[in-house]
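Under our numbering, think of the first position of the sequence shown as 10, with each following residue one higher.
Before any comments, here is the structure.
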Amino acid sequence: MKTLLKNILLCLLLLQVSIGWAQKVGTTSFQFLKVLTDARATAMGEAYSSVATGSDAVFWNPARLTYVKGTDLAASYMDYFLDVKHFSFSAASTIGDVGTFGIFGTVTDFGEIPVATVDRLGFIGDVYNPGLTGETIQPSAFVFGVSYARDMTDKFSFGITVKYGKEDLVAASEDIIMYDAGINYKTGYKSIEIAASIRHFGPEVKFVKEKYPLPQTFNIGFSSYLIGSNDPLLTSIEGQSLLFAFDIVQPRDYDQQYNLGLEYGFNDMFFLRGGYKLNYDEESFALGLGIKYDSYRIDYSYNDYGEFLDSVQRFTIGFGL
């Protein structure tokens, strides 16, 4: 088992090295893959690769799907910049000792964009026309996929994802098959867990004549309860919990980034969350809250994008069966 764990981790690290060598080479394609809609994860600053416990794990680390007991479903919505809207759904079910299977999808609606051409530039009477033709275009993008995860031991799990994505820019469109992979390890010391994942792995995408790489991302995550009843690092407090999470992120097209997250829980029903992202151009702090009743949950997040961009809010609903 230790040999298998070492081999899988080595493969992930080798993939990370390939991403590191390729960073800053040029602009990556399929940028919509970077925008994720899950409210709990984004409220914790996206320090989530060792935290996800529902079907939303398909978006972060498929190995975490093994935390789904029975069936779990979730749907999220986000109103992004410039009227761009993102929708996502996920479902996962554990089938005995076979493992956990998941399906998911995301859809990006860019809205209607006015068409402008050079030959329309100029004045129409006393009114200047910036090239508008009166026509509009409506780009779109989506991705759908399936995931599988399994516990190899009581401490170690792995997961894989195969997904199909398409980006339609009207003037050009392209589709592609991509892959995700991840592992999760319970250290056995207190509630500390370690995870690693690689997302959006696949060939370059060709638009017209130029080829662009996918926005591959490698994450290493650490998490632990600081207080609570789940073998915390600090102290046990009945009815209260404080979860800490930290992710190291290596994107293909940027320097290394760092995500920090906290989640305070009261009676496993009410949750307050906060996060911070380091070495990002615009993103910084995040806040959020959640309510869980029986097998139902509702989550909300608020993400700050600096001085020049609007804040972004996300909503997620989910339930287990």
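We treat Cβ as the ideally placed atom computed from N, Cα and C, and that holds for glycine.
Keep in mind the model is a prediction, meaning the values are calculated, not measured.
Of the listed residues the options, nearest to residue i (C-alpha basis)
i: F164; options: L271, R73 and D264; result: Per the sequence presented here, residue 164 reads as Lys, with Phe not at that position. Closest option to K164, Cα to Cα, is R73.
i: E121; options: L82, G168 and S149; result: S149
i: G284; options: N228, G54, S97 and I257; result: G54
i: Y86; options: L330, Q322 and Q259; result: Q322
i: R49; options: K195, T75, H209 and G274; result: G274
i: D47; options: F110, A254, A84 and G315; result: A84
i: F253; options: G297, D92, L141 and S200; result: S200
i: Y314; options: Q40, T51, L42 and T37; result: T51
i: H95; options: V155, Q40, F328 and I192; result: Q40
i: I70; options: T109, T37, D92 and D303; result: For clarity, residue 70 is Asn in the given sequence; the question names Ile instead. Here the closest residue by C-alpha is T109.
i: T115; options: D262, T162, N138 and K175; result: K175
i: F153; options: R282, F98 and F280; result: F98
i: Y305; options: N228, F328, A190 and S233; result: F328
i: G197; options: D184, L242, G211 and I185; result: L242
Residue i - containing alpha helix (DSSP H), residue span
i: A56; result: Premise fails: A56 is in no alpha helix (DSSP H) and is neither H nor E.
Opening and closing residue of the beta strand (DSSP E) in which residue i lies
i: T117; result: G108 to D118
i: P123; result: I122 to I133
i: D308; result: Y305 to N312
i: M87; result: T80 to D88
i: I246; result: Taken as a continuous stretch (DSSP letters only), I246 belongs to no beta strand (DSSP E), as it is neither H nor E.
i: L271; result: Q266 to F275
i: G63; result: Premise fails: G63 is in no beta strand (DSSP E) and is neither H nor E.
i: T170; result: F165 to D177
i: L296; result: F294 to Y302
i: S149; result: S149 to D160
Between the CA atoms of residue j and residue i - distance to the nearest angstrom
i: K172; j: G248; result: 40 Å
i: K286; j: S64; result: 24 Å
i: D319; j: A295; result: 13 Å
i: G226; j: F90; result: The sequence given here has Thr at residue 226, not Gly. Distance between the alpha carbons of T226 and F90 is about 23 Å.
i: V67; j: A180; result: 31 Å
i: L24; j: F132; result: Residue placement at L24 cannot be trusted, given a pLDDT of 49 that sits under 50; what the coordinates show is reported in the next sentence. Going from the Cα of L24 to the Cα of F132 covers about 55 Å.
i: D177; j: I169; result: 26 Å
i: W30; j: G230; result: Because the pLDDT of W30 is 44, which lies under 50, any placement of that residue in the model is unreliable, and the number read from its coordinates should be weighed accordingly. Rounded to the nearest angstrom, the two C-alpha atoms are 21 Å apart.
Anticipated Cβ contact below 8 Å, residue i with residue j, distance rounded
i: I146; j: V127; result: Wrong, their Cβ atoms sit about 16 Å apart, outside the cutoff.
i: A158; j: F151; result: So it is not a contact: roughly 23 Å between Cβ atoms.
Practice item. Would you check if there are 3 or more beta carbon pairs closer than 8 Å linking the region 216-233 to the region 101-116? Key: no
Review point. With contact counted as at least three CB pairs below 8 Å, one residue from each stretch, are the region 196-214 and the region 55-68 in contact?
Key: yes
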